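Engineer:
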Amino acid sequence: MNIVDKINKLRREKGALILAHNYQMPAIQDIADFRGDSLQLSIRAKEAESDLIVFCGVRFMAETAAILNPKAKVLLPVKDAGCPMADMITDEQLRQFKAQHPGAKVVCYVNSTAAVKAESDVCCTSSNAVKIISSFPQDETILFVPDQNLGSWAARKAGRDVIVWPGYCPVHQWGFSVANLEKLRKKHPDYKLIAHPECDEDIVEQADEVLSTGQMERYVGENDKLIIATDAAFTDYMKHLHPEKELVHLSARARCANMRKTTMNDLLHALETEEHQVVVDPETAARAKHSLDRMLELSV
Ligand code: 13P
Ligand code: SF4
Numbered sequence: 003m004n005i006v007d008k009i010n011k012l013r014r015e016k017g018a019l020i021l022a023h024n025y026q027m028p029a030i031q032d033i034a035d036f037r038g039d040s041l042q043l044s045i046r047a048k049e050a051e052s053d054l055i056v057f058c059g060v061r062f063m064a065e066t067a068a069i070l071n072p073k074a075k076v077l078l079p080v081k082d083a084g085c086p087m088a089d090m091i092t093d094e095q096l097r098q099f100k101a102q103h104p105g106a107k108v109v110c111y112v113n114s115t116a117a118v119k120a121e122s123d124v125c126c127t128s129s130n131a132v133k134i135i136s137s138f139p140q141d142e143t144i145l146f147v148p149d150q151n152l153g154s155w156a157a158r159k160a161g162r163d164v165i166v167w168p169g170y171c172p173v174h175q176w177g178f179s180v181a182n183l184e185k186l187r188k189k190h191p192d193y194k195l196i197a198h199p200e201c202d203e204d205i206v207e208q209a210d211e212v213l214s215t216g217q218m219e220r221y222v223g224e225n226d227k228l229i230i231a232t233d234a235a236f237t238d239y240m241k242h243l244h245p246e247k248e249l250v251h252l253s254a255r256a257r258c259a260n261m262r263k264t265t266m267n268d269l270l271h272a273l274e275t276e277e278h279q280v281v282v283d284p285e286t287a288a289r290a291k292h293s294l295d296r297m298l299e300l301s302v
């Protein structure tokens, strides 16, 4: 039996739900029950009826699924698939940040640990950050952690002053250059640029649209001739889905090392052994769930 058949047999026998983020390798995205961005995957995980969810992504995503759906056993096929940005602020650092700004409200990007979500008022993702920031009264002071780029972009869009924590995604912060964009613009003058809001302001301010990966997928479905500024695995997969379209990576080398860790063998191993369950301590999970539920209420 080949590996695809083995995975399919086991997922059927166990009634497992396989979720994959848009940056996973093509074979994983192809075999998943559902693929999407952080918000789409969180909603899928929350609504899942299956007792077993295999989350092909990084730890904060699987942790979020476990918090939103405490009945399900959530597996992360590769134990050390983390997100460096999520580790750029600890709950202790957040408590100190709050102490420096008494009375301020905290918006945390979903790319954060459960302990940081537990210390926050509301969570957000790249697809709803503007809406979440705009939901606060004008006179409220807002702290945004940990992504400085998403926080600053969403604040500009919402017309608000937001105090951002200096965290960033190494892939989106360092992966793209204006010089390369200018070169591509010369070669493809009629192409539009779509960029993820984790990119540096230099890139984001030149983008025609600033979108989450789920929003990008919709945009690619409806448009052609695009330069895409996000993890190259996303653009690769869009080319695989739409071979007729003219899609160009802003950089084909900008790839998240953690998202690339999960292989088909890891997925099979997770289904066979049910190892690497993601467990969040109940007290932290209950507090983190408040910020996630608030986000989901505000996102509809
Ligand atoms: P999306 O929610 O837009 O998929 O972003 C998640 C992420 O980690 C981007 O680096
Ligand atoms: Fe984290 Fe960046 Fe990887 Fe997304 S691409 S998971 S933000 S390191």
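Adding 2 to a residue's 1-based position in the sequence shown gives its number in my numbering.
No residue lacks a Cβ here, since even glycine has one placed at the ideal position from N, Cα and C.
All of these numbers come straight from a predicted model, not from anything done at the bench.
1) Between the Cα of Val80 and the Cα atoms of Arg97, Asp123, Gln26 and Ala106, which residue gives the shortest distance?
2) Ordered along the chain, which non-local residues of its own chain (more than five positions away) have a Cβ less than 7 Å from that of Ala64?
3) Would you tell me roughly how many angstroms separate the C-alpha atoms of His174 and Glu203, rounded to the nearest one?
4) Consult DSSP for Lys107 and reduce its assignment to one of helix, strand or coil.
5) Identify whether Gln279 lies in helix, strand or coil by the three-state DSSP scheme.
6) For the alpha helix (DSSP H) holding Ile91, just list the boundary residues, first then last.
7) According to DSSP, simplified to helix, strand and coil, what is Ala74?
8) Given Ala131, which residues of its chain have a CB within under 6 Å of its CB, disregarding the five upstream and five downstream residues?
9) Verify whether the separation of the beta carbon atoms of Asn182 and Leu252 is less than 9 Å.
10) Taking the straight line between their C-alpha atoms, what separation do you get for Cys171 and Glu200?
11) Flag this pair as yes or no: are the beta carbons of Ile196 and Val164 separated by less than 9 Å?
12) Can you grab the Cα-Cα spacing for the pair Glu248 / Ala18, in whole Å?
13) Would you check whether ligand 2 has a heavy atom nearer than 8 Å to the C-beta of Asn225?
14) Give me the Cα-Cα distance between Asp283 and Ala120, rounded to the nearest whole angstrom.
15) DSSP three-state call for Phe99: helix, strand or coil?
16) Buried or exposed: which applies to Thr237, given that a residue is buried once 16 or more other Cβ atoms fall within 10 Å of its Cβ?
17) Sorted by chain position, which residues of the same chain lie with C-beta nearer than 6 Å to Ile205's C-beta, five sequence neighbours on each side aside?
18) Ligand 2: which residues have Cβ under 7 Å from any of its heavy atoms, chain order?
19) Express the C-alpha separation of Cys258 and Val108 in angstroms, rounding to a whole number.
20) Using three-state DSSP, classify Lys291 as helix, strand or coil.
21) Grab me the residues of Met87's own chain with a C-beta within less than 7 Å of its C-beta, minus the 5 sequence neighbours each way, in chain order.
22) With which residues is Glu178 paired in a DSSP beta bridge?
23) Ligand 1 and Ser52: does any heavy atom of the ligand fall closer than 8 Å to the residue's C-beta?
24) With DSSP as the reference, please indicate the residues paired to Ala197 in a beta bridge.
25) Would DSSP call Arg220 helix, strand or coil?
26) Start and end of the beta strand (DSSP E) containing Ala22?
27) Does the Cβ of Val166 have 16 or more other Cβ atoms within 10 Å, making it buried, or fewer, making it exposed?
28) Straight-line CA distance for Lys159 to Ala288?
Structural biologist: With the structure as the only source:
1) Gln26
2) The beta carbon of Ala64 lies closer than 7 Å to those of Phe57, Val76, Leu78 and Val280 in the same chain, with the five residues before and after it left out.
3) 11 Å
4) strand
5) Gln279: strand per DSSP, three-state reduction.
6) No alpha helix (DSSP H) holds Ile91; DSSP gives it neither H nor E.
7) Residue state for Ala74 is assigned as coil, using DSSP reduced to three classes.
8) Leu152 and Ala156
9) Yes, the Cβ-Cβ distance between Asn182 and Leu252 is below 9 Å.
10) For Cys171 and Glu200, the distance between alpha carbons rounds to 7 Å.
11) No, Cβ-Cβ distance for Ile196 and Val164 is not below 9 Å.
12) 36 Å
13) no
14) 11 Å
15) helix
16) Per the 10 Å Cβ criterion, buried.
17) Phe178, Ala197 and Ala231
18) Tyr25, Val60, Cys85, Pro86, Met87, Ala88, Asn113, Cys171, Pro172, Val173, His174, Glu200, Asp233, Cys258, Asn260 and Met261
19) 27 Å
20) helix
21) Asn113, Pro148, Asp149, Gly169, Tyr170 and Cys171
22) Correcting the residue identity first, residue 178 is Phe in this sequence and not Glu. Answer is none; Phe178 lacks a bridge partner.
23) no
24) Val212 and Ala231
25) helix
26) Leu19 to His23
27) Buried.
28) 31 Å
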